[in-house]
Structures are given as structure tokens and as C-alpha cells.
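J.: In the UniProt record's numbering, the protein residues as written are 1 to 180.
Okay, here's the structure, questions in a sec.
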């Protein structure tokens, strides 16, 4: 049976074997290239995923920095307003202190008191209503029509007895409080 093998088959067998091995090696090469390509692509996709997540992280940090910058601007604005309020409070306290000092000085020296260049006080009149003038000029005030009508109504109420005593008292107080 062995004798029946054709000599031509035996002669071609090594060449066919080389073709099969060569084809297998080419297939394995392409297979390895394909696997390598898939590994590289998966690596690229993985790295792209990491790159995208890193970009999102950087974007979030930029947004947080913007929010912090806005907060800093608001805090600087609030600081400026607080400084303004502090300055106005100091001004108000200074004015209040001046008023308190003036009130005390008026109680001590009178309303017409003045200071000269040496900061010494010259006492004035004791009451505010008294004149600080040294001359005895008379001042004449004209009465308006409204004052005349009011005076006539007051006289009519007083003569007829219709006016209340409380109204008369308040009229007297109101007339006494007018400053000319």
C-alpha cells in the first residue's frame, strides 16, 4: 500500500506544506494586527474617556473659580459699603458729639455765647428768645389776611362762648410757638 503512493504527490507535499504554513503565518500576522488594532482602539477609547472626564473636571473647576470670583467681587462690594457705613457712622457720631457739646456750652454760657480766635467764650443772653443785638431796634411784622381772619374767628369764639377751653389753650400754645 505504501508502494502505491505516487511519486509526484510526495514531491509536491513539502511545497504544499510550505504554502499552508505560509498562509497560516500570514493569517496569524493579520490576526495579531487586528488584535493589536483592537487593543490600540480600546486604549484610545479608554484614554479618550479619561480625556473627556478630565475635560469635564477642568470645566467644573473653571465654573467654581468663576463662582468664587463672583463671591470675591460681592465681598469687596460689601466691604466698600461697610467702610462707607463706618465713615457715615463716624460722621454722625462726630455731629452728635458736637451737638451735645454745644448744648452743654449753651447751658453754661447761654445761647448768644460766641468764641473768639483764642477759643475763649463770651457769654451771651441766657435764653434763646432774647436778642443778641446790642441796638434797640423795633421790628414791625406785617399781618397777612390769613392771620387777621384767624384773629377775628378767635374773637368771635371767645365772645359767644362756643369755643372749648382746650381749643383756646391749644390756640394760645400754637401762637406762642410761632417763630418769626
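By construction, the Cβ of each residue, glycine as well, lies at the ideal position given by its N, Cα and C atoms.
Give the DSSP-derived three-state secondary structure of residue 19 in the structure shown.
T.: For this step, residue 19 is matched to residue 19 along the chain shown. DSSP places residue 19 in helix when its eight states are reduced to three.
J.: Taking 8 Å as the limit between beta carbons, can you name the residues of its chain near residue 142, skipping five residues before and five after?
T.: As a first step, residue 142 is located in the chain shown; it is residue number 142 there, counting from the start. Below a pLDDT of 50, predicted positions are generally treated as unreliable, and residue 142, at 46, falls in that range; the measurement from the model is reported next regardless. Excluding sequence neighbours, residue 142 sits near nothing in its chain.
J.: So, at 7 Å on beta carbons, what are the nonlocal neighbours of residue 86 in its own chain, with the 5 sequence-adjacent residues on each side left out?
T.: In the chain shown, residue 86 corresponds to position 86, counting from 1. Cβ neighbours of residue 86 beyond the five flanking positions: none.
J.: Would the beta-carbon of residue 95 be found less than 7 Å away from any heavy atom of the ligand NAD?
T.: This structure lacks the ligand NAD, and indeed carries no ligand of any kind.
J.: Return the chain-ordered list of same chain residues with a C-beta closer than 7 Å to the C-beta of residue 48, the five sequence neighbours on each side being excluded.
T.: Counting from one through the chain shown, the residue named residue 48 turns up at place 48. Excluding residues within five positions, none has a Cβ falling inside 7 Å.
J.: I need the straight-line Cα distance from residue 32 to residue 54, nearest angstrom please.
T.: Taking the first residue of the chain shown as position 1, residue 32 is located at position 32. Taking the first residue of the chain shown as position 1, residue 54 is located at position 54. For residue 32 and residue 54, the distance between alpha carbons rounds to 32 Å.
J.: When the Cα atoms are used, what is the spatial distance from residue 72 to residue 40?
T.: Translated into positions along the chain shown, residue 72 becomes position 72. Translated into positions along the chain shown, residue 40 becomes position 40. Straight-line measurement puts the Cα of residue 40 at about 47 Å from the Cα of residue 72.
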